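This note's numbering puts the sequence shown at residues 6 to 514.
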Amino acid sequence: MVDNRIYLFDTTLRDGEQSPGVSLNADEKLEIAQQLSRLGVDIIEAGFPIASPGDFTAVKKIAEQVRGPVIAGLCRAVRTDIDRTWEALKDAESPRIHTFLATSDIHLKHKLQKNREEALQQAVDAVKHAKKYCSDVEFSAEDAFRSDMEFLVQVVEQVIDAGATVVNLPDTVGYAIPEEYGDFIKTIVTRVPNIDRAIIGVHCHDDLGLAVANSLAGIANGARQVECAVNGIGERAGNAALEEIIMALYTRNSFFKKQIKVDYSEIYRTSRLVSSLTGMQVQANKAIVGKNAFIHESGIHQDGVLKERSTYEIMSPELIGIYRSNLVLGKHSGRHAFKEQLAQLGYNLSDDELAKAFISFKEIADKKKEITNDDLEALVKDQVMGIPERFTLTYLHISSGTSIVPTATVKLTIDDMSFEAAATGDGPVDAACHAVDKITDIYGKMHEYKLHAVSGGKDALGEVISRIEINGKQYNGRGLSTDIIEASVKSYINAINKYYFEQKNHTDN
Ligand code: KIV
Ligand code: ZN
């Protein structure tokens, strides 16, 4: 029987986190890993443990707490890296050591200053060393696509002999064209004599916008593991987008004839979670998870869809967890309707979470006539993904205009006590942040600030995602309100809370 199962290897937390400007703390990574496990990916690459103590902690936490998928940790083909990776992974239910070494002449000559023989030996030694710890070992030939084929065939054969169970052949710089990449995988599959003892993986970057197409070409030609990241995030232009790979294999099953095992209804929520925690917004026209992906604008299309959906829709939004509902909540809606609507959106909150979310809902409903599903999702994210709050905004007064110095008065609650400060600044947000600094004695520097309206209308909820540097490290903050200044200050305080709890965890441990 032909084994047509394709294994989904998610690298959002490793390659994805290498996206410029993205930095996730250990709890945020754990949150994403738990969601990836609900989605049902086969392998989660949790990080690169030797890269930093923060990365090590995150991989360790995920290995200890996330059950279901294989948990992989990346390491260079160097003993100390491999040892450290194993240290982080050893409590995983199903651990995998993922070691890599470049094989292209460009990398060997300019980056590693090694000849092919030395590189081959190093790759084999690394796999053998990893194998002492773990039966599941993946070897990646970095820049495989630009490597000499004769040499690559030799490397693949020998790392399999050394015990590699998966051999990954990345297009590291996103240079390949689908047909070429497909042929490249086919050549490896046909020329490596012991190929039946390992799974071939594909890992494509999106520099030419071809990462998904190349990955699919690899799958069509014998690859059985596909490495990808949620929303296509990753180094430079990113990795192949997980949701696009999944939906291409599902929707075009008659073409690919491959099987994957995922809970499709978790796709959209996974995308939203990653976008919100990384602060990387998804472009509106992004396939599968973009805001417009299932919206029909032209009259002809709308007419067609109303008559028969399949005229213009090749996938159903409900399948991936996007629910359209006619029920609009407002300030008179009760707890029951609120709970029902959340359940329809796929959120089953605990009683405590529901009680807290309901209070926020009522506060927002007082200011905003209609609460849409987008509003509800934004609101509920605070309850489901919220970190504990040491500093809570309880009062904000702004005085600002064309010819006065912006001034803010802020009150924060800290451990049930109220503290107040006033400050001026270059603008109202700046003034309020200075006032927050005075109270908390924590001084943040805003590096990035993004404001978007969660839903339409003048009374739309504003969501602010900011990136704040505190003591040399960056933290993402998120704030939600119908008042954009308040949303901005909440976002700033959210980042400060993250910083505070990270420091506290370090001192407590
Ligand atoms: O792009 C790449 O080659 C990689 C490897 C380390 C797997 O990310
Ligand atoms: Zn990569």
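Here a beta-carbon is modelled for each residue, glycine too, at the ideal position from N, C-alpha and C. Source: prediction; values computed, not measured.
Cβ-based burial, residue i [other Cβ within 10 Å; buried from 16]
i: PRO54; result: buried
i: SER220; result: buried
i: ILE111; result: exposed
i: ASN244; result: buried
i: MET6; result: Confidence at MET6 is low in this model, with a pLDDT of 47, below 50, so its placement is unreliable and the value that follows should be read with caution. Exposed, since its Cβ has fewer than 16 Cβ neighbours within 10 Å.
i: TYR328; result: exposed
i: PHE260; result: exposed
i: ASP268; result: exposed
i: GLU122; result: exposed
i: LEU347; result: buried
i: ARG229; result: buried
i: PRO198; result: exposed
i: LYS509; result: exposed
i: HIS208; result: buried
i: HIS511; result: exposed
i: GLN288; result: exposed
i: GLU98; result: exposed
i: CYS233; result: buried
i: PRO393; result: exposed
i: SER281; result: buried
i: GLY462; result: exposed
i: LYS137; result: exposed
i: ILE325; result: buried
Residues sharing a beta bridge with residue i, DSSP
i: ASP176; result: CYS209
i: GLU232; result: PHE14 and HIS208
i: ALA167; result: In DSSP, ALA167 forms no bridge with anything.
i: ILE49; result: ASP15 and ILE76
i: LEU384; result: In DSSP, LEU384 forms no bridge with anything.
i: ASN9; result: Partner(s): none; ASN9 has no beta bridge.
i: VAL142; result: ILE102
i: PHE396; result: ILE419
i: SER486; result: GLY467
i: ASN244; result: HIS210
i: LEU401; result: VAL415
i: GLU123; result: DSSP lists no partner for GLU123.
i: SER376; result: Note on identity: in this sequence residue 376 is Ile, with Ser being the wrong assignment. LEU334, per the DSSP bridge assignment.
i: GLU147; result: ALA107
Sub-8 Å separation of residue i and residue j beta-carbons
i: VAL164; j: ILE205; result: no
i: THR377; j: THR399; result: no
i: VAL158; j: PHE144; result: no
i: LYS34; j: ILE76; result: no
i: GLY406; j: GLU375; result: no
i: LEU213; j: GLY237; result: no
i: VAL469; j: SER496; result: yes
i: SER24; j: MET285; result: yes
i: PRO175; j: GLU147; result: yes
i: ILE435; j: GLY239; result: Note that residue 435 corresponds to Asp in the displayed sequence, not to Ile. No; because the gap between Cβ atoms is not below 8 Å, this pair is not in contact.
i: ILE490; j: PRO433; result: yes
i: MET252; j: THR192; result: no
i: ALA135; j: LEU106; result: no
i: VAL410; j: ALA440; result: no
i: ALA128; j: PHE150; result: no
i: LEU456; j: ILE369; result: no
i: LEU117; j: THR275; result: no
i: LYS262; j: ILE11; result: no
i: VAL64; j: ASP15; result: no
i: VAL71; j: ILE102; result: no
i: ARG89; j: GLU271; result: no
i: HIS210; j: THR170; result: no
i: LEU278; j: ILE37; result: yes
i: VAL161; j: LEU125; result: no
Cutoff 8 Å: residue i Cβ touching any chain B Cβ
i: VAL410; result: The displayed structure is made up of one protein chain only, and chain B is not part of it.
Practice task
Report the residue ranges of all beta strand (DSSP E) runs contained in full by the stretch 263 to 351; include only those spanning at least 3 residues, in chain order.
Solution key: none
Exercise for the section: Would you be able to state if there are at least three C-beta pairs under 8 Å between the stretch 464 to 483 and the stretch 495 to 507? Expected result: yes
Practice task
Taking only runs that begin and end inside the stretch 403 to 484, name each unbroken alpha helix (DSSP H) of 4 or more residues, in chain order.
Solution key: 433 to 445
Problem - Touch test, the stretch 400 to 410 against the stretch 378 to 386, Cβ-Cβ under 8 Å, three pairs minimum - result: no
Handout entry: Any beta strand (DSSP E) of 3 or more consecutive residues that is wholly inside the stretch 52 to 113
Key = 75 to 81 and 100 to 107
Practice task
Inspect the CB distances between the stretch 24 to 34 and the stretch 46 to 65 and report whether three or more fall short of 8 Å.
Solution key: yes
Handout entry: contact_flag[the stretch 287 to 305, the stretch 477 to 488] where n(CB pairs < 8 Å) is 3 or more
Key = no
Handout entry: Segment contact, 8 Å Cβ cut-off, at least three pairs: the stretch 221 to 231 with the stretch 182 to 189
Key = yes
Exercise for the section: Take every Cβ of the stretch 37 to 51, pair it with every Cβ of the stretch 73 to 92, and state whether three or more of those distances are shorter than 8 Å. Expected result: yes
Practice task
Scan the stretch 18 to 47 and note each continuous alpha helix (DSSP H) run of 4 residues or more that stays entirely inside, going in chain order.
Solution key: 31 to 44
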